[in-house]
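Q: Protein sequences appear in the order of chains A and B.
Following my numbering, the numbering of the first sequence begins with 689 at its first residue and continues without gaps.
Following my numbering, the numbering of the second sequence begins with 1181 at its first residue and continues without gaps.
Glycine included, each C-beta is placed from N, C-alpha and C at the ideal position.
Submitted below is the structure of interest, expressed as C-alpha cells.
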Amino acid sequence: MNALTTETQPRVGPGFRLQWEPVQDCHVLLYPEGMVKLNGSAGEIMKRCDGERSVAAIVEDLEKAFSAQGLEPDVRAFIELAAKQRWLAWD
Amino acid sequence: MTPTQGPPLWLLAELTYRCPLHCVFCYNPVDFARQEDELSTDDWLRVLRQGRELGAVQCGLSGGEPLLRDDLEVIVAEAHRLGYYTNLLTSGVGLTEARAAALKQAGLDHVQLSFQDSTREMNDFLSHTKTFGLKNKVAQVIKANGWPMVMNVVIHRMNIDHIDRIIGMAAELGAEYLELANTQYYSWAFLNRDQLLPTHEQLRRAEAVTDEWRRRLGDTMRLFFVAPDYHEGKAKKCVNGWGSMFLTVAPDGTALPCHTAKMLPGLSFPNVREHSVRDIWFDSEGFNRYRGTGWMKEPCASCDQREVDLGGCRCQAWLLAQDPAMADPVCHKSPHHHLVQAAVERAGSAPVGKAVVEHPLVFRDPANSRRLTAKPA
Chain A
689 MNALTTETQP RVGPGFRLQW EPVQDCHVLL YPEGMVKLNG SAGEIMKRCD
739 GERSVAAIVE DLEKAFSAQG LEPDVRAFIE LAAKQRWLAW D
Chain B
1181 MTPTQGPPLW LLAELTYRCP LHCVFCYNPV DFARQEDELS TDDWLRVLRQ
1231 GRELGAVQCG LSGGEPLLRD DLEVIVAEAH RLGYYTNLLT SGVGLTEARA
1281 AALKQAGLDH VQLSFQDSTR EMNDFLSHTK TFGLKNKVAQ VIKANGWPMV
1331 MNVVIHRMNI DHIDRIIGMA AELGAEYLEL ANTQYYSWAF LNRDQLLPTH
1381 EQLRRAEAVT DEWRRRLGDT MRLFFVAPDY HEGKAKKCVN GWGSMFLTVA
1431 PDGTALPCHT AKMLPGLSFP NVREHSVRDI WFDSEGFNRY RGTGWMKEPC
1481 ASCDQREVDL GGCRCQAWLL AQDPAMADPV CHKSPHHHLV QAAVERAGSA
1531 PVGKAVVEHP LVFRDPANSR RLTAKPA
C-alpha cells in the first residue's frame, strides 16, 4: 500500500463491512466475530471511502456537507489510523 | 429485564450436533446424540429475520459441523441479505471447491477454520500427513474465495508443547488471524479434564513462544492467546455477561444465553418454535435469571470486581460448586477455589506426555453420548 496522498482512493478493507445500524444509531464496521461502533465523524468519512473518490474529493464533499473549512488534516489523520487497523485499504 | 438492556448483537446458530469428528474437548452437550431433532430451514430463516429486527449484526453458523446441513447455502444467503456479517465455524471437512463457491455466491463473509483434536488427528496434523493435506487444501479454497483466513486451535496438555509448529503451520497456510484457545472445561472437555489440563510450566512456555512469534510476524498475522481461567485465579465475564449480547440457538431450537447453559438445573429455556426472539431475549426467565448482579450471593454480591467479571461462568459454578448462583470457582475468592487448585496441582504432578489418571480419553461420538447419558432401567 502506497503512502497516503490527496490522490489516494481509499476503500473499506477486505473482510470488513460498513453499514448503518438503526438500532445502535450509528455506522458500524463488521469484521470476523467483531464490531466497531463508529462515532459520527468517523462514520461520515468511512462511508465516503468507496475506492473511487480521492481523499481530496472526500474532504471537499465533507466540507460542503457540514459547511466547514480546513478538514483535511483531521480526515487524513483518521484515514491513516483506520488503515493501521485495516479498516481502510488502497492500492 | 433491565431498562437499558441492549439487543443481542451476536446470534450463534448451532445448525446441527452431527459431526464427522469426535473431539475430546467438544463443548456440545454430552447427551447430544439424544437431541436429534433439528429446526427446519424455514425455522432458521424466521430466527434470522427476528434476530436482525432486534439489531443482531453478527451471525455465527456452527454445530456440530454446519456443512452437514444441505440448506446451509440458503441460510447464509438469507443472513447476508438481512445484513448480518456471516461467519462459518467449520472443521473444513466437506468444504469442497463447489460448496465454497456456492457459499461465496450466497454472501458468506468469513470462514473460521478449526484444527481439531488430540491424539491421532493432531498427530497427523503435526506430522504434515493426512489432516494437514486437507487443511492445506481448505486453506487454499478459503484464500481463493477472498475470505479472511481465521484459524482456531484448541490448546490442551497434549498439543500445547507443539505450539511453535502450530503457529508455524498457520503462518505457512497464510492465516491472518490465529486463535490459540485454551480448552474450556465443560461438557466433553470436563469429562476429559485430567487428561487435557496443561501444567503451569507448559503454559508459560507456550505464552513465551507465542510472544516470540508475535515479534517475528508483526502485522502479517494476529495471534490471540486465550488464557485458561483455571490457572489464572480470575473469573472471566462469561459471554460478555449473561444475556448481554450473545444469543445461541441450539439445533432443536432451544434459545440459550451461552452454548452450554442448557446444563444448568432449575432453569427452562424457551424454544424459537414457540416464542419470538424478542420475547425470548427480553422477557424469558432463562435469559433474565443471571442478568446483571442482582442474583449474586457472597462473595460476589459485595465484591468490588462484580461488575467486571459478573461472577464468571454459571456453568462452571454448577459443575464445580453444584450451585449455578455461586461464584465461579476459578476465582481465588470462591469458597470452592481449592477444587480448581487441586485439579491444576494434579496436572502438575504427572509427567507431561503421560495421562494424569489411568483412564482413556472419552471421544465425543454418538455411542459414548448414549452410554454416558443412559437412564437406569
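Select from 1187(B), 1215(B), 1188(B), 1451(B) the residue whose C-alpha is nearest the C-alpha of residue 1198(B).
A: Numbered from its first residue, the second sequence carries residue 1198(B) at position 18. Residue 1198(B) has its Cα closest to that of 1215(B), out of 1187(B), 1215(B), 1188(B), 1451(B).
Q: Just the chain A side, please: which residues come within less than 8 Å of residue 1189(B) by C-beta, in chain order?
A: Within the second sequence, numbered from 1, the residue matching residue 1189(B) stands at position 9. Near residue 1189(B) (Cβ distances below 8 Å), the residues of chain A are 723.
Q: How would you list, in chain order, the residues of chain B whose beta-carbon sits under 9 Å from the beta-carbon of residue 716(A)?
A: Taking the first residue of the first sequence as position 1, residue 716(A) is located at position 28. Neighbours of residue 716(A) on chain B, chain order: 1237.
Q: Could you give the DSSP three-state label for residue 1354(B): helix, strand or coil?
A: The count along the second sequence starts at 1 and reaches residue 1354(B) at position 174. Coil.
Q: If I measure Cβ to Cβ from residue 1552(B) and keep anything under 7 Å in the same chain, skipping five residues before and after, which residues do I get?
A: Against the second sequence, residue 1552(B) aligns to sequence position 372. Hits under 7 Å: 1210.
Q: Under 7 Å, CB to CB, which of the residues in the region 1433-1451 of chain B have a partner in chain A?
A: From the region 1433-1451 of chain B, no residue has a Cβ closer than 7 Å to chain A.
Q: Below 8 Å between beta carbons: does that hold for residue 1476(B) and residue 1466(B)?
A: For the purposes of this step, residue 1476(B) is taken as the residue at position 296 of the second sequence. For the purposes of this step, residue 1466(B) is taken as the residue at position 286 of the second sequence. No. Outside cutoff.
Q: For residue 1546(B) and residue 1205(B), I'd like the C-alpha separation in whole angstroms.
A: Against the second sequence, residue 1546(B) aligns to sequence position 366. Against the second sequence, residue 1205(B) aligns to sequence position 25. Whole-angstrom Cα-Cα distance: 15 Å.
Q: Take the Cβ of residue 1442(B) as the centre, count every other Cβ of all protein chains shown within 10 Å, and call the residue buried at 16 or more, exposed below.
A: Numbered from its first residue, the second sequence carries residue 1442(B) at position 262. Its Cβ being crowded by 16 or more others within 10 Å, residue 1442(B) is buried.
Q: With DSSP as the reference, please indicate the residues paired to residue 1266(B) in a beta bridge.
A: As a first step, residue 1266(B) must be located in the second sequence, where it is residue number 86. DSSP lists 1239(B) as partners of residue 1266(B).
Q: Between residue 1543(B) and the rest of its own chain, which residues show a CB-CB distance below 7 Å, the 5 nearest in sequence each way excluded?
A: The sequence position of residue 1543(B) within the second sequence is 363, counting from 1. 1202, 1204.
Q: Rounding to the nearest angstrom, what Cα-Cα distance links residue 1220(B) and residue 1550(B) in this structure?
A: As a first step, residue 1220(B) must be located in the second sequence, where it is residue number 40. As a first step, residue 1550(B) must be located in the second sequence, where it is residue number 370. About 24 Å.
Q: Can the beta-carbon of residue 1595(B) be found less than 8 Å from the beta-carbon of residue 723(A)?
A: Here chain B covers residues 1181 to 1557 and nothing more, so residue 1595(B) does not appear.
Q: Do residue 1458(B) and residue 1230(B) have their C-beta atoms closer together than 8 Å?
A: Here residue 1458(B) refers to the residue found at position 278 of the second sequence. Here residue 1230(B) refers to the residue found at position 50 of the second sequence. A contact, by the Cβ cut-off of 8 Å.
Q: In the DSSP output, what is residue 1217(B) paired with across the bridge?
A: The residue labelled residue 1217(B) in the question sits at position 37 within the second sequence. Bridge partners of residue 1217(B): none, in fact.
Q: For the alpha helix (DSSP H) that contains residue 723(A), what are its first and last residues?
A: If you number the first sequence from 1, residue 723(A) lands on position 35. No alpha helix (DSSP H) contains residue 723(A), which is instead part of the beta strand (DSSP E) from 722-725.
Q: Taking residue 1431(B) and residue 1194(B) to be in contact with their CB atoms under 8 Å, please state how far apart those CB atoms are, rounded to whole angstroms.
A: In the second sequence, residue 1431(B) corresponds to position 251, counting from 1. In the second sequence, residue 1194(B) corresponds to position 14, counting from 1. Their Cβ separation, rounded to whole angstroms, is 6 Å, which keeps residue 1431(B) and residue 1194(B) in contact under 8 Å.
Q: How many Å lie between residue 1320(B) and residue 1468(B) at the Cα?
A: As a working note, residue 1320(B) is residue 140 in the second sequence. As a working note, residue 1468(B) is residue 288 in the second sequence. The alpha-carbon atoms of residue 1320(B) and residue 1468(B) are separated by roughly 44 Å.
Q: So residue 1493(B) and residue 1416(B) are in contact, right, with Cβ under 8 Å, and what is the actual spacing, rounded?
A: As a position in the second sequence, residue 1493(B) is number 313, starting the count at 1. As a position in the second sequence, residue 1416(B) is number 236, starting the count at 1. Indeed, because the Cβ distance is near 7 Å, the residues count as touching under 8 Å.
Q: By Cβ distance below 7 Å, which residues in the same chain neighbour residue 706(A) in space, the five residues on each side in sequence not counted?
A: Within the first sequence, residue 706(A) is the residue found at index 18, counting from 1. Once the five neighbours on either side are set aside, the close Cβ partners of residue 706(A) are 700, 715, 717, 734, 735.
Q: Quick one: give me the first and last residue of the beta strand (DSSP E) that residue 1331(B) is part of.
A: Working through the second sequence from its first residue, we reach residue 1331(B) at position 151. From DSSP, the beta strand (DSSP E) with residue 1331(B) extends over 1329-1335.
Q: For the candidate residues 1445(B), 1446(B), 1444(B), 1461(B), whose alpha-carbon lies nearest to that of residue 1452(B)?
A: Numbered from 1 along the second sequence, position 272 holds the residue referred to as residue 1452(B). Of 1445(B), 1446(B), 1444(B), 1461(B), the residue nearest in Cα terms is 1461(B).
Q: For residue 1190(B) versus residue 1404(B), is the C-beta spacing smaller than 8 Å?
A: Locating residue 1190(B) in the second sequence gives position 10, counting from the first residue. Locating residue 1404(B) in the second sequence gives position 224, counting from the first residue. No; because the gap between Cβ atoms is not below 8 Å, this pair is not in contact.
Q: Below 8 Å between beta carbons: does that hold for residue 1266(B) and residue 1244(B)?
A: By 1-based counting over the second sequence, the position of residue 1266(B) is 86. By 1-based counting over the second sequence, the position of residue 1244(B) is 64. No, these two residues do not count as a Cβ contact at 8 Å.
Q: Using three-state DSSP, classify residue 1390(B) as helix, strand or coil.
A: What you label residue 1390(B) is simply residue 210 of the second sequence in a count that begins at 1. Helix at residue 1390(B).
Q: Using the beta-carbon of each residue, which ones in chain B are nearer than 8 Å to residue 705(A)?
A: The residue given as residue 705(A) occupies position 17 in the first sequence. 1265, 1289, listed in chain order.
Q: What is the DSSP secondary structure of residue 1487(B), counted as helix, strand or coil?
A: Here residue 1487(B) refers to the residue found at position 307 when the second sequence is read from its first residue. Helix.
Q: Could you check whether the Cβ of residue 698(A) sits closer than 8 Å to any Cβ belonging to chain B?
A: Along the first sequence, one-based indexing puts residue 698(A) at 10. Taking Cβ atoms only, chain B never reaches closer than 8 Å to residue 698(A), which makes this a no.
Q: Among 1248(B), 1508(B), 1246(B), 1233(B), whose alpha-carbon lies nearest the alpha-carbon of residue 1261(B)?
A: Taking the first residue of the second sequence as position 1, residue 1261(B) is located at position 81. Ranking 1248(B), 1508(B), 1246(B), 1233(B) by Cα distance to residue 1261(B) puts 1233(B) first.
Q: Taking only beta-carbon positions, decide if residue 709(A) is within less than 8 Å of chain B.
A: Looking up residue 709(A) in the first sequence gives position 21. So yes, residue 709(A) belongs to the interface.
Q: Short of 8 Å Cβ to Cβ, which residues in the region 1315-1336 of chain B face chain A?
A: Per Cβ criterion, the list reads 1326, 1327, 1328, 1330.
Q: Excluding the 5 residues flanking residue 1495(B) on each side, which residues of the same chain have their C-beta closer than 7 Å to its C-beta?
A: Within the second sequence, the letter at position 315 stands for residue 1495(B). The residues are 1366, 1440, 1441, 1443, 1444.
Q: Since residue 1358(B) and residue 1401(B) are thought to touch, with beta carbons under 8 Å apart, how far apart are those beta carbons, to the nearest angstrom?
A: Residue 1358(B) sits at position 178 when you count from the first residue of the second sequence. Residue 1401(B) sits at position 221 when you count from the first residue of the second sequence. Right, the Cβ-Cβ distance comes to about 6 Å (below 8 Å), so this counts as a contact.
Q: At 9 Å on the CB atoms, spell out the chain B contacts of residue 712(A), in chain order.
A: Within the first sequence, residue 712(A) is the residue found at index 24, counting from 1. Residues of chain B passing the Cβ test: 1186, 1187, 1189, 1235, 1237.
Q: Suppose contacts are defined by Cβ-Cβ distances below 8 Å. Is residue 737(A) in contact with residue 776(A) by that definition?
A: Here residue 737(A) refers to the residue found at position 49 of the first sequence. Here residue 776(A) refers to the residue found at position 88 of the first sequence. Yes, they are a contact pair.
Q: Give every residue of the same chain whose Cβ lies closer than 7 Å to the Cβ of residue 1277(B), excluding the five residues on either side of it in the sequence, and list them in chain order.
A: Locating residue 1277(B) in the second sequence gives position 97, where the first residue counts as 1. Answer for residue 1277(B): 1321, listed in chain order.
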